[in-house]
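Note that my numbering has the sequence shown beginning at 3, numbered continuously upward.
Shown next, in structure tokens, is the structure this report addresses.
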Amino acid sequence: MTSGSQPPPTSLRWQNRRELMIIRLAFPPHLRRAEYVIMDAFCGYISHRACSLAASHIGFPLPGATLKFNSTFTVQLVRPNSIEGSIEVGIAIGLLGCPVSQGATCPPPDAQLGSILFTGKFNPTIHPMAMFYENFTLTVPSADSFFSGTRRAQLAVARLHLIGAGPSPILELNNITVKLSN
């Protein structure tokens, strides 16, 4: 250090130091275990963010869209571009009528997908804005397939793919709530 210069305010000066990434963290002997807790939390956060950035989502229809019984509609499943390779295994698309009672919510897609509208391969192709997606044209079942009076439904997509050198299986579940009409 040159004369008159001050150490950076983020530097911690204790007797025992350990470097974590490019940030210098120093802990007194009684707090050394905290280094591992911080490192575990940091690595967990980074891996969670990396996985969530590679997650697919339903691009269309938009939440709250109205679908008519016995008519066709398009489901667009979007998969962001990723530097990590992914092997697509398959998808299932289902439509589940939500309970009619006021304030009731649809069951989560990991519990029930509803009427299965499609099962098969997911083969997205690249489109503008470097997004990979595939469109599926499906038919809404008749009103008889749902509880009487059902006007809300949950559109759910289950996607199974393999990532990494291992590879590791990943099951993604996406859902939106749509309206149903005659």
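Beta carbons: idealized from backbone N, C-alpha and C, even for Gly.
Note that the structure is a prediction, hence the values are computed from the model and not measured.
request  = Going by DSSP, name the residue or residues bridged to Lys181.
outcome  = Thr68, Arg154
key: Check whether Phe71 and Leu140 have beta carbons under 8 angstroms apart   = no
inquiry  = Taking the alpha carbon of Pro111 as the reference point, which residue from Gln104, Gly105, Lys123, Ile95 has its own alpha carbon closest?
reply    = Ile95
inquiry  = For Glu136, report the span of its beta strand (DSSP E) as first-last.
reply    = Counting along the chain, the beta strand (DSSP E) containing Glu136 begins and ends at 133-141.
query = In terms of alpha-carbon separation, which member of Lys123, Pro109, Asn125 lies closest to Ala155?
reply = Pro109
request  = Could you tell me if His163 is buried or exposed, where buried requires 16 or more neighbouring beta carbons within 10 angstroms of its beta carbon?
outcome  = Under this definition His163 is a buried residue.
request  = Within the same chain, show all residues whose beta-carbon is closer than 8 angstroms to that of Ser88, passing over the 5 residues directly before and after it, in chain order.
outcome  = Ala56, Arg81, His163, Leu164, Ile165
query = Does DSSP classify Pro110 as helix, strand or coil?
reply = coil
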